[in-house]
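Chemist: Residue numbers for the sequence shown follow this note's numbering, so the first one is 1 and each next one is one higher.
Submitted below is the structure of interest, expressed as structure tokens.
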Amino acid sequence: SRRLGTAPVIPDTSYTMDAVDGAAAGPKTVSLFGKVFPKDAFICRLFYFFYFASFGSLFPLLAVYFKQLGMTPAQAGLLLGIRPLMEFASHPFWGMFAARFKREKLLLLFSLASLIVFTLMIGFVQPQTPMCVVYMPEMNRTCKMALSPAGRVVHGGVLGLVKNSAGLGRNRRQASPQLIDTIIDMSMLEDNFVAGMAPQYITNETVCNYEFHREGILVSPPHSSRVYREPAVQQAFMLLLLLICLGEWFSSPAVPLADSATLYACRDNPKDYKMIRIFGSIGWSIAMFLMGIGLDYSDTFRNHPCPAANTTEKNYTLCFVMCSFFAFVSMLLATQMKFGEDSTIPTEVGGLIMDTRTDEVAPAVAEKARARQLQSDASAENSWLTAAKALRNIHIVVYLVWVMTIGLGAGLIFAFLYWHLQDLGGSPALFGIMTVLNHGSEMFMNMHVFKLINKYGHVKIMIMCLLANVVRFLLIATLDNPWMVLPLQIMQGMTLATTWAAATTYITLIAPENIRSSAQGILNFVFNGVGRGLGTIAGGFIINIVGTRAVFVFYALICGAVAGGGFAINKFFRYEGIKYSQNNMFDDNDDAMDMMNAPQGLPIRREGGKLTEAFSAQTTAVNSNYGTIDPAQDAYQDAYDQYVTTGR
């Protein structure tokens with residue numbers, strides 16, 4: 001303007017300053033790949049990614065790691081199955097702690113630090129390796145293996161390796177190059193090896209120079225050249241059990257507290273929680289995939305007492321290190337998470353998460369579920385005992401048994417699927433690909449699961465999941481090529497996602513508001529505690545006797561029996577416990593829908609009858625919130641009054 005000789009134009013800054021003030025007062029955002037995210041929600045995304053990456057880098061492989069330490073399936077199952085049980089046992093304590101002291105962030109950081117400390121401690125617990133198994137076919141025609149003293153082991157971690165390189169410390173025996181060429185693992189020569197059975201006991205028939213009175217009971221894990229004394233393995237087991245119980249007790253508040261911060265971050269739109277939480281599955285699958293590839297190249301040990309030229313033993317030190325690293329990154333991110341002034345205590349977070357998805361249920365399906373709404377005194381205390389009494393309805397008990405049965409299978413697969421596939425020749429790289437397919441299908445199903453629920457209903461969808469488990473476990477039991485399990489992993493992710501979505505929305509819909517959180521807690525305990533926990537423990541004890549194939553078949557038969565028995569019970573007691581009507585929970589025809597559209601669930605006949613005529617001119621009034629009747633519209637009430645005044 002100055003160049004043209006005109007008066008300068010003074011811009012109006014009132015709108016600009018208002019916008020700046022509004023931006024300063026509004027939430028902070030983060031731009032990434034052209035998209036803008038609220039900063040608090042973005043921090044939660046990163047937290048879930050790294051926190052579950054720490055789990056995915058180690059915990060799915062703990063079973064095969066314990067197997068390599070010479071433990072039995074029963075011992076490994078107890079070590080893994082005790083975790084969810086300890087988690088639920090600690091919830092009341094941490095709930096009271098959080099409610100009293102209101103120090104959510106400090107508690108979150110403490111739980112993450114506990115995870116790191118106890119994970120590293122678990123990695124240091126190993127039984128001593130006194131001997132190795134060597135292959136000497138020239139010794140005897142029937143006995144081709146012998147025991148040899150183990151090589152030198154450098155203790156003290158990194159510091160011990162440095163001292164050893166400097167020539168400090170005591171010198172111990174070291175395996176000669178000639179001995180390394182003959183060291184083997186016994187499973188390579190076992191003719192009648194049963195998948196899942198571990199460890200292998202040293203006997204005079206298999207090892208020539210073994211003497212029980214001199215050596216005691218010796219065991220050798222499959223896919224390993226080590227030989228352990230059984231008392232040393234039992235001592236390691238007891239110490240690991242103590243560390244896992246303590247570690248799970250102190251680290252269990254982490255996920256509920258992170259969920260509480262996430263719900264606060266997306267308080268304006270709770271549906272965003274689903275998209276934030278999905279980053280946990282992404283982190284888990286990516287970490288497990290990378291660990292699988294890394295473990296395939298970790299079959300050489302710089303500090304191995306029985307170094308062998310040809311072995312499938314893996315060095316799981318990488319997994320413990322990466323688990324601790326990812327947990328440390330999540331701990332740094334946790335320092336930036338925010339909690340509201342009235343943050344939800346950890347014991348109630350799970351119920352709030354379940355509530356975020358009930359509006360995805362179709363109104364007709366929601367009203368059908370509410371036909372079996374539990375009966376409870378509105379003034380009763382919101383406790384598990386009150387909710388358990390209300391859940392004693394025969395149909396609800398059957399439904400919870402279905403959910404628990406699927407949880408048993410989830411625990412069995414988590415602990416012993418890799419255990420089984422390793423005996424068939426499966427590698428960690430395969431395990432990583434399986435994890436990607438499992439979590440990928442689970443994430444996909446979470447996006448579309450309510451299309452199936454709204455089409456088939458909560459009950460039929462659960463029967464379909466049980467039947468899918470029948471097919472999947474029978475196929476797993478019959479496979480000889482471990483890579484053929486990949487399509488079944490897709491089925492597993494879809495089944496578990498469908499089960500959890502159907503169960504959580506069903507219990508949320510049928511539970512009265514005054515006991516809803518307790519009913520949701522019981523559901524969570526039934527699936528993740530009793531199901532996954534006891535499924536792992538019981539499965540380990542049975543595998544210890546008959547192997548993994550027989551257990552998978554046995555579980556498939558249980559799923560079929562539970563599905564058929566539950567269906568028959570529901571048919572026999574079809575009118576039991578239905579609120580205000582005799583609606584059949586299995587009928588999806590128009591007659592059932594007509595009954596559900598009646599006021600207070602009163603039955604409507606198709607032809608004739610004054611109630612049918614009274615409602616024929618009315619329009620069904622439901623809102624978008626689970627299909628409940630809109631209180632602002634009194635069309636139903638007028639029709640009901642007309643029906644009552646004119647008589648039946």
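Just so you know, even glycine gets a beta-carbon here, dropped at the ideal spot from N, CA and C.
Whether or not the segment 486-495 and the segment 392-403 are in contact is what I'm after, with contact meaning three or more pairs of Cβ atoms, one per stretch, closer than 8 Å; do they touch?
Modeler: As far as the Cβ criterion goes, the segment 392-403 does not touch the segment 486-495, which means the pair count is below three.
Chemist: Express the C-alpha separation of Gly432 and Ala175 in angstroms, rounding to a whole number.
Modeler: Here residue 175 refers to the residue found at position 175 of the sequence shown. Here residue 432 refers to the residue found at position 432 of the sequence shown. Confidence in Ala175 is poor, its pLDDT being 47 and thus under 50, which makes the residue's placement unreliable; the coordinate value appears in the next sentence. Rounded to the nearest angstrom, the two C-alpha atoms are 34 Å apart.
Chemist: Could you compute how far the alpha carbon of Ser330 sits from the alpha carbon of Lys338?
Modeler: Stepping through the sequence shown from its first residue, residue 330 is reached at position 330. Stepping through the sequence shown from its first residue, residue 338 is reached at position 338. One C-alpha to the other measures close to 14 Å.
Chemist: If you draw a straight line from the alpha carbon of Phe110 to that of Ser251, how long is it in whole angstroms?
Modeler: The count along the sequence shown starts at 1 and reaches residue 110 at position 110. The count along the sequence shown starts at 1 and reaches residue 251 at position 251. Answer to the nearest angstrom: the Cα atoms are 8 Å apart.
Chemist: By DSSP, does Ser330 sit in helix, in strand, or in coil?
Modeler: The residue labelled residue 330 in the question sits at position 330 within the sequence shown. Of the three classes helix, strand and coil, the one that applies to Ser330 here is helix, per DSSP.
Chemist: With C-beta atoms as the reference, is Leu430 less than 9 Å away from Pro487?
Modeler: Mapped onto the sequence shown, residue 430 falls at position 430. Mapped onto the sequence shown, residue 487 falls at position 487. No, they are not a contact pair.
Chemist: Do you know whose CA, among Val227, Lys274 and Lys105, lies nearest Gly151's CA?
Modeler: Residue 151 sits at position 151 when you count from the first residue of the sequence shown. When only C-alpha atoms are compared, the closest one is Val227.
Chemist: Return the chain-ordered list of same chain residues with a C-beta closer than 7 Å to the C-beta of Val401, the five sequence neighbours on each side being excluded.
Modeler: The sequence position of residue 401 within the sequence shown is 401, counting from 1. The answer, listed in chain order, is Val562 and Gly566.
Chemist: Cα separation between Val546 and Met197?
Modeler: Against the sequence shown, residue 546 aligns to sequence position 546. Against the sequence shown, residue 197 aligns to sequence position 197. C-alpha separation (whole angstroms): 8 Å.
Chemist: DSSP puts Ser148 in a beta bridge; with which residues?
Modeler: Your numbering for residue 148 matches position 148 in the sequence shown. Paired residues: Cys132.
Chemist: State the start and end residues of the unbroken beta strand (DSSP E) segment that holds Ser664.
Modeler: Look at the range of the chain in this structure, 1 to 648, and you will see that residue 664 is not part of it.
Chemist: Go through the segment 45-107 residue by residue and report every complete run of the alpha helix (DSSP H) that reaches 4 residues or more, in order.
Modeler: With a minimum length of 4 residues, the continuous alpha helix (DSSP H) runs that stay inside the segment 45-107 are 62-68 and 73-101.
Chemist: Near Val158, what residues of its chain come up, given a Cβ to Cβ distance below 7 Å and the 5 sequence neighbours on each side ignored?
Modeler: Walking along the sequence shown from the start, residue 158 turns up at place 158. Because the pLDDT at Val158 is just 42, under 50, the model does not fix this residue reliably, and the point stays unresolved.
Chemist: What residue does the alpha helix (DSSP H) around Thr495 start on, and which one ends it?
Modeler: Here residue 495 is taken as the residue at index 495 of the sequence shown, counted from 1. Residues Leu486 to Ile510.
Chemist: Do you know whose CA, among Gly529, Ala550, Asn544 and Phe473, lies nearest Ser90's CA?
Modeler: As a first step, residue 90 must be located in the sequence shown, where it is residue number 90. Of Gly529, Ala550, Asn544 and Phe473, the residue nearest in Cα terms is Gly529.
Chemist: For Trp384 versus Thr548, is the C-beta distance shorter than 9 Å?
Modeler: Looking up residue 384 in the sequence shown gives position 384. Looking up residue 548 in the sequence shown gives position 548. No, the pair does not count as a contact, with Cβ atoms beyond the cut-off.
Chemist: Near Leu452, what residues of its chain come up, given a Cβ to Cβ distance below 7 Å and the 5 sequence neighbours on each side ignored?
Modeler: Indexing the sequence shown from 1 puts residue 452 at position 452. Only Ile461 and Thr498 meet the Cβ criterion.
Chemist: Quick check: Leu85 and Ala63, are their CB atoms within less than 9 Å of each other?
Modeler: As a position in the sequence shown, residue 85 is number 85, starting the count at 1. As a position in the sequence shown, residue 63 is number 63, starting the count at 1. Cβ distance not < 9 Å, so Leu85 and Ala63 don't count as in contact.
Chemist: Within 10 angstroms of its Cβ, does Pro149 collect 16 or more other Cβ (buried), or is it exposed?
Modeler: For the purposes of this step, residue 149 is taken as the residue at position 149 of the sequence shown. Its Cβ having fewer than 16 others within 10 Å, Pro149 is exposed.
Chemist: Can you name the start and end residues of the alpha helix (DSSP H) that Ser441 belongs to?
Modeler: Your numbering for residue 441 matches position 441 in the sequence shown. Pro428 to Thr478 is the extent of the alpha helix (DSSP H) around Ser441.
Chemist: Would you check if there are 3 or more beta carbon pairs closer than 8 Å linking the segment 219-236 to the segment 88-103?
Modeler: Short answer: they don't touch.
Chemist: Specify whether the segment 270-289 and the segment 44-57 touch according to this definition: at least 3 beta carbon pairs, one from each stretch, less than 8 Å apart.
Modeler: Contact between the segment 270-289 and the segment 44-57 is present, because at least three Cβ pairs lie under 8 Å.
Chemist: When the Cα of Ala334 is compared with those of Ser31, Asp480, Ile43 and Leu295, which residue comes out closest?
Modeler: Within the sequence shown, residue 334 is the residue found at index 334, counting from 1. Taking only the C-alpha atoms, the option nearest Ala334 is Ile43.
Chemist: Anyone know if the C-beta pair for Ala387 and Ser518 falls short of 9 Å?
Modeler: The residue given as residue 387 occupies position 387 in the sequence shown. The residue given as residue 518 occupies position 518 in the sequence shown. Yes, they are a contact pair.
Chemist: DSSP three-state label for Leu424, please.
Modeler: In the sequence shown, residue 424 corresponds to position 424, counting from 1. It is coil, neither helix nor strand.
Chemist: Provide the residue(s) that pair with Pro38 in DSSP beta bridges, ordered along the chain.
Modeler: For the purposes of this step, residue 38 is taken as residue 38 along the sequence shown, with counting starting at 1. Partner(s): Thr29.
Chemist: When DSSP labels each residue in this structure, what does Gln235 get in the three-state scheme?
Modeler: Along the sequence shown, one-based indexing puts residue 235 at 235. Note: Gln235 maps to helix in three-state DSSP.
Chemist: Report the residue from Ala287, Met145 and Arg214 whose alpha carbon sits nearest the alpha carbon of Glu205.
Modeler: Residue numbering aside, residue 205 sits at position 205 when the sequence shown is read from its first letter. Comparing Cα-Cα distances from Glu205 to each of Ala287, Met145 and Arg214, the minimum goes to Met145.
Chemist: Is it true that the segment 551-562 meets the segment 463-477, where meeting means three or more beta-carbon pairs spaced less than 8 Å apart?
Modeler: Counting Cβ pairs under 8 Å, three or more are found: they touch.
Chemist: Closest to Leu479 by C-alpha separation, out of Asp423, Val459, Asn544 and Asn524, would be which residue?
Modeler: The residue given as residue 479 occupies position 479 in the sequence shown. Of Asp423, Val459, Asn544 and Asn524, the residue nearest in Cα terms is Asp423.
Chemist: Within this structure, are the beta carbons of Tyr51 and Ala327 separated by less than 9 Å?
Modeler: As a first step, residue 51 must be located in the sequence shown, where it is residue number 51. As a first step, residue 327 must be located in the sequence shown, where it is residue number 327. A contact, by the Cβ cut-off of 9 Å.
Chemist: With DSSP run on the structure shown, which of helix, strand or coil describes Ile394?
Modeler: Working through the sequence shown from its first residue, we reach residue 394 at position 394. DSSP places Ile394 in helix when its eight states are reduced to three.
Chemist: Would you say Thr405 and Gly533 are within 9 Å of each other, going by their C-beta atoms?
Modeler: Walking along the sequence shown from the start, residue 405 turns up at place 405. Walking along the sequence shown from the start, residue 533 turns up at place 533. Their beta carbons are not under 9 Å apart, which means Thr405 does not touch Gly533 by this criterion.
Chemist: With DSSP run on the structure shown, which of helix, strand or coil describes Gln200?
Modeler: Counting from 1 along the sequence shown, the entry for residue 200 is found at position 200. It is a strand residue.
Chemist: May I ask which residues mark the beginning and end of the beta strand (DSSP E) holding Val526?
Modeler: For the purposes of this step, residue 526 is identified with residue 526 of the sequence shown, where counting begins at 1. Careful: Val526 lies outside any beta strand (DSSP E) and carries neither H nor E.
Chemist: In the structure shown, what three-state DSSP assignment does Tyr210 receive?
Modeler: Counting from 1 along the sequence shown, the entry for residue 210 is found at position 210. Of the three classes helix, strand and coil, the one that applies to Tyr210 here is coil, per DSSP.
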